[in-house]
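Asks: Have a look at the structure that comes next, please.
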Amino acid sequence: MPLTPLFAAVDVGGTKIAGALVDGAGRLRHRLQLPTPAREPGPAVLAVVHKVLDQLAGTPDWAAVTAVGIGSAGPVDLADGTVSPVNIPGWRGFPLVAEVAAHPAVAGLPVRLAGDGVAMAAAEHWQGAARGAANALCLVVSTGVGAGLVLDGAVRPGPSGNAGHLGHITVDLDGEPCPCGSRGCLEGLASGTAIARRALAEGWRPPGEDATARAVAASAAVGDPVALASFDRAAQALAAGIAATAALVDLHRVVVGGGVATAGEVLFAPLARHLDRYAALSYVRGLDVRRAELGTDAGLIGAAALCR
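This note's numbering applies: residue 136 is where the sequence shown begins, and numbers increase by one.
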């Protein structure tokens, strides 16, 4: 009996590198993840990618794999197959497609690359909250802020693969310098890292050892004013970026996922309030904002969607 075709998916981020085999209905098998040694030299990060591939290739289902999809923190360069993640300094113009294709278990299989935001958009459009939407913006709000666009019923990565890279549009003209080289970027105001940094700077103190945005969200949920203000500022920046994008490309649906989105109404209530202010033009009012449905698996499902 012939094996059902599967896709190998790898999701590379600043904190974790995940992998799985994914079937044609978006179901995951053999999921695993390892921490990203983001501050180590590039070869050390690649070694973790290879370790993920080694473990997937060691499963009996590997024989059914027909292609490998990679979703990576960006920017990416589809033409060259390279990645330069802002949060992985050891990878600048790193030939990730060629390095994955050279893995012994991958040899001969097609390898597809996308930025993490585009991968998330592909996943949510295929199996999640953007299903059926002709035009949508899908955001990942986590350690950074990534995004992807669905236009005219299809995910549109653009020639370089970075279309919709909302985290690095300027929303504060005189804002802080960003590692990307610009300043006042959305990511520097709305990412989980930024939320925690702002809260700590304004006097918030975590109740335990956890000083991440997750802990800030927990404090905000019980009414801590500094934590609430930090999330409000992040939501304001997100609203400005979303409204500008909607005005530019005429969207009607917005999907928000990533670790910061797990804060729930702590994020979504002020986001709706600020969108009422910023999305003022008649054709962008009343944007359909939804929570992402695929959670931490979106990057893997999206990487597989690239191979379909």
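Ideal Cβ placement from N, Cα and C applies to all residues, glycine included.
If you draw a straight line from the alpha carbon of ALA257 to that of GLY250, how long is it in whole angstroms?
Replies: Here the alpha carbons of GLY250 and ALA257 stand approximately 11 Å from one another.
Asks: Quick one: grab the DSSP three-state call for LEU386.
Replies: coil
Asks: Kindly give me the distance between the Cβ atoms of ALA348 and ALA331, rounded to whole angstroms, as I take these residues to be in contact under 8 Å.
Replies: 5 Å
Asks: Hey, quick one: how far does the alpha helix (DSSP H) through SER354 stretch, first residue to last?
Replies: 348-356
Asks: Just the C-alpha distance for ALA160 and ALA202, rounded to the nearest angstrom, thanks.
Replies: If you take the alpha carbons of ALA160 and ALA202, they lie about 15 Å apart.
Asks: Taking the beta carbon of MET136 as the centre, do at least 16 other beta carbons fall within 10 Å, making it buried, or is it exposed?
Replies: In this prediction, MET136 has a pLDDT of 33, which is less than 50 and means its spatial position is unreliable; nothing more can be read from the coordinates.
Asks: Anyone know if the C-beta pair for ASP212 and ALA438 falls short of 8 Å?
Replies: no
Asks: Consult DSSP for ASP189 and reduce its assignment to one of helix, strand or coil.
Replies: helix
Asks: Between LEU429 and GLU400, what straight-line distance do the alpha-carbon atoms span, to the nearest angstrom?
Replies: 18 Å
Asks: When the Cα of VAL419 is compared with those of THR171, LEU383, GLY209, which residue comes out closest?
Replies: LEU383
Asks: Start and end of the alpha helix (DSSP H) containing GLY323?
Replies: 322-325
Asks: Check ARG425 in the structure and name its three-state DSSP category.
Replies: strand
Asks: Please check the pair MET255 and GLY281, which I expect to be a contact at CB under 8 Å, by giving their CB distance rounded to whole angstroms.
Replies: 7 Å
Asks: Could you tell me how far apart the beta carbons of ALA149 and THR278 are, in whole angstroms, since I believe they sit closer than 8 Å?
Replies: What sits at residue 149 in the sequence shown is Gly, not Ala. Right, their Cβ atoms sit about 5 Å apart.
Asks: Looking at the strands, I want to know which residues DSSP matches up with THR305.
Replies: Partner residues in the beta bridge of THR305, as assigned by DSSP, are CYS320.
Asks: Roughly how far, in whole angstroms, is the beta-carbon of VAL180 from the beta-carbon of TRP226, given that I think they are within contact range, below 8 Å?
Replies: 6 Å
Asks: Which stretch, first to last residue, makes up the beta strand (DSSP E) that contains ASP146?
Replies: For ASP146, the enclosing beta strand (DSSP E) begins and ends at 141-147.
Asks: My output table needs one value for VAL253: the three-state DSSP class, helix, strand or coil.
Replies: Collapsing the DSSP output to three states places VAL253 in a helix.
Asks: Where do the ends of the alpha helix (DSSP H) carrying PRO405 lie?
Replies: 400-413
Asks: Which residues does DSSP pair with PHE366 in a beta bridge?
Replies: DSSP output for PHE366 lists no bridge partner at all.
Asks: Once DSSP output is grouped into helix, strand and coil, what is the label at PRO464?
Replies: Beyond the ends of the chain as shown, which are 136 and 443, falls residue 464; an answer cannot be given.
Asks: Considering only the alpha carbon of each residue, which of VAL395, ALA144, LEU402, ARG318 lies closest to LEU188?
Replies: ALA144
Asks: With a cut-off of 8 Å on the beta carbons, I'd call VAL200 and LEU156 a contact; round off their distance for me.
Replies: 7 Å
Asks: Put PRO178 into one of helix, strand or coil per three-state DSSP.
Replies: helix
Asks: Which residue's Cα is closest to the Cα of GLY193: VAL241, LEU169, ASP411, ALA214?
Replies: Nearest in C-alpha terms to GLY193, of all of VAL241, LEU169, ASP411, ALA214, is VAL241.
Asks: Can you list, in chain order, the residues of its chain with a C-beta nearer than 7 Å to that of ALA414? Leave out the 5 residues immediately preceding and following it.
Replies: ALA378, ALA381, ARG420, LEU422
Asks: In its own chain, which residues sit with a C-beta less than 7 Å from the C-beta of GLY216, not counting the 5 before and 5 after it?
Replies: PRO230, LEU231, VAL232, ALA233, LEU248
Asks: From ARG162 to ILE205, what does the alpha carbon distance come to, in whole angstroms?
Replies: One alpha carbon belongs to ARG162, the other to ILE205, and they sit about 17 Å apart.
Asks: Can you give me the start and stop residues for the alpha helix (DSSP H) that ILE436 sits inside?
Replies: Start and end: 433-440.
Asks: Measure the beta-carbon distance from HIS260 to ALA269 and round it to whole angstroms, keeping in mind my assumption that it falls under 8 Å.
Replies: About 10 Å separates the two Cβ atoms, so there is no contact after all.
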